[in-house]
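Each number in the working numbering corresponds to the 1-based position in the sequence shown with 2 added.
Ideal placement from N, C-alpha and C gives every residue a C-beta, glycine not left out.
Single-structure report; data block below.
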Amino acid sequence: MTAAGQPALLAPPADASARRPASERFGLAYRIGLPIALWVLFANGATHYRDRHIVPAAGLREAVEAEVASRLCPGLRLDEASFRIQAQAHGINHSDLYQKRSAWLRKDADALERELRADPDTGCRHMLDLYGGDGTAPHLLTHG
3 MTAAGQPALL
13 APPADASARR
23 PASERFGLAY
33 RIGLPIALWV
43 LFANGATHYR
53 DRHIVPAAGL
63 REAVEAEVAS
73 RLCPGLRLDE
83 ASFRIQAQAH
93 GINHSDLYQK
103 RSAWLRKDAD
113 ALERELRADP
123 DTGCRHMLDL
133 YGGDGTAPHL
143 LTHG
């Protein structure tokens, strides 16, 4: 308790200059936080813009399409030897194939999935004609 009979907790601090005014605290947060926030916005925007325009390697699209067809078409499976040769020739790894990092490639894979689910007979026949033994694309699928 102080001499005036008030609790000591409500007494003003002994050194008033120790506390910064609210406007100064806001200014410090503004000077530090604004550049960080702007950098985060720029980096996210630039990454999204870059990913939209990246065209994946030529062999990656075929590999993803064949993999989607092997999952959704009954009776079709990946030809392991040909698929391994295709992957080695184009530098395709597991994360490229299953994570489908490119937004463009994800969009194409999703469209193919919708097409195969909507009309499986026609879509699967087309995939076998394209990626089967006599197709124009690499031999990645086999019947059986």
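Per-residue DSSP class, three states only, for H141: DSSP places H141 in coil when its eight states are reduced to three.
Cβ contact check for the segment 84-95 and the segment 32-52: 3 or more pairs under 8 Å: Between the segment 84-95 and the segment 32-52 there are fewer than three C-beta pairs closer than 8 Å, too few to call the two in contact.
Whether P140 touches Y133 by CB criterion (8 Å): Result yes, Cβ atoms of P140 and Y133 sit closer than 8 Å.
Residues that L80 bridges to, as DSSP identifies them: L143.
Collapsed DSSP secondary structure at G61 in the structure displayed: Helix.
For D112, three-class secondary structure by DSSP: D112 falls in the helix class under three-state DSSP.
DSSP-derived helix/strand/coil call for N95: The three-state secondary structure of N95, taken from DSSP, is coil.
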